[in-house]
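Asker:
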Amino acid sequence: MNTFKIIPTVDSSIACATVSDETLTPLDVYSPAEYVVNDINCVISQMLSPDTSIDEALTVMRLSNRKSTLYIGMDSKLLGVISGFTLVSRVVLMVAKRKGVARADLTVADVMSLTYKMPALRKSQVHRACIGDIKQTMESLGEAHIQVLDENNKICGLISSTDISRVLHEPVYINATAHSFKDFFDVMHEHEELI
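Numbered by my numbering, the letters in the sequence shown go through residues 7 to 201 in order.
1) Could you check if Y41 is buried or exposed, using at least 16 other CB atoms within 10 Å of its CB as the buried criterion?
2) Thinking C-alpha only, which one of G138, Y122, N158, T143 is nearest L174?
3) For the beta strand (DSSP E) containing I152, name the first residue and the last one.
4) Going by Cα to Cα distance, which pick from I88, D45, E176 is closest to A63?
5) Put A108 into one of helix, strand or coil per three-state DSSP.
6) Taking the beta carbon of S167 as the centre, do at least 16 other beta carbons fall within 10 Å, making it buried, or is it exposed?
7) State whether the region 76–86 contacts the region 51–63, with contact taken as three or more CB pairs (one from each stretch) at a distance under 8 Å.
8) Between which two residues does the beta strand (DSSP E) containing K83 stretch?
9) In the DSSP assignment, find the beta strand (DSSP E) that holds N44 and state where it starts and stops.
10) Have a look at E145 and L69 and give me their C-alpha separation to the nearest angstrom.
11) Thinking C-alpha only, which one of I46, V114, L120, D57 is nearest G86?
12) Output the boundary residues of the beta strand (DSSP E) element that contains G163.
Below you can see the structure in the form of structure tokens.
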């Protein structure tokens, strides 16, 4: 027995073909920060497995028309984030050299930004902030991704510097920062770059 109903349609000739000015307004640094937050529910539905190869991730990005960020996780648990820029940068080659493997053998897990290492902002702070505040915070922290936490300390969103750069049509300058003695040692003694 079919329990679904047919929904009546309306005459499409009465529809207004113009878009409201509100949707056409370009975003700027003074626009509300909520415009650049990726809802965690949307993120979960777009996740890749951590064992996805770099080339497969690039193919997924190209075919899904996603130009900025891919999310990595398992069983609806977000493990990390990777930007399209990272996938095509020399970071991939540096990680391959460091691990002693070929570039083709790397997975997204090898080069992703881990969520547990990501800084976080409270949702209430984001609601009071503008895009410029978020951009300034990311640049000062040297972080390309920031989590947004709800009042129960659960992740409810993510902000990516590549998304901010895309909406503002200007770069977000993320400089790698040494966060540990090992980072300092690797740069000074081993002559390695920070990743």
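For each residue, glycine too, the CB sits at the ideal point set by N, CA and C.
Keep in mind that this is a model prediction, so the values were computed, not measured.
Answerer: Concretely, from the data shown:
1) Position 35 of the sequence shown holds residue 41. With fewer than 16 Cβ atoms within 10 Å of its Cβ, Y41 is classed as exposed.
2) Walking along the sequence shown from the start, residue 174 turns up at place 168. Measuring from the Cα of L174, the nearest candidate turns out to be G138.
3) Along the sequence shown, one-based indexing puts residue 152 at 146. Start and end: 151–155.
4) In the sequence shown, the residue the question calls residue 63 occupies position 57. Of the listed residues, the one whose Cα sits closest to A63 is I88.
5) Your numbering for residue 108 matches position 102 in the sequence shown. DSSP places A108 in coil when its eight states are reduced to three.
6) Numbered from 1 along the sequence shown, position 161 holds the residue referred to as residue 167. Burial call: buried.
7) Between the region 76–86 and the region 51–63 there are three or more inter-stretch CB-CB distances shorter than 8 Å, so the stretches are counted as touching.
8) To locate residue 83, count along the sequence shown from 1; it is residue 77. Per DSSP, K83 belongs to the beta strand (DSSP E) from 83–89.
9) Start at 1 with the first residue of the sequence shown, and residue 44 comes out as number 38. It spans 43–45 - the beta strand (DSSP E) in which N44 sits, taken as one unbroken run.
10) Stepping through the sequence shown from its first residue, residue 145 is reached at position 139. Stepping through the sequence shown from its first residue, residue 69 is reached at position 63. Each residue's Cα considered, the two are about 30 Å apart.
11) As a position in the sequence shown, residue 86 is number 80, starting the count at 1. Answer by Cα proximity: L120.
12) Along the sequence shown, read from residue 1 onward, the residue named residue 163 stands at position 157. G163 -> beta strand (DSSP E) spans 161–166.
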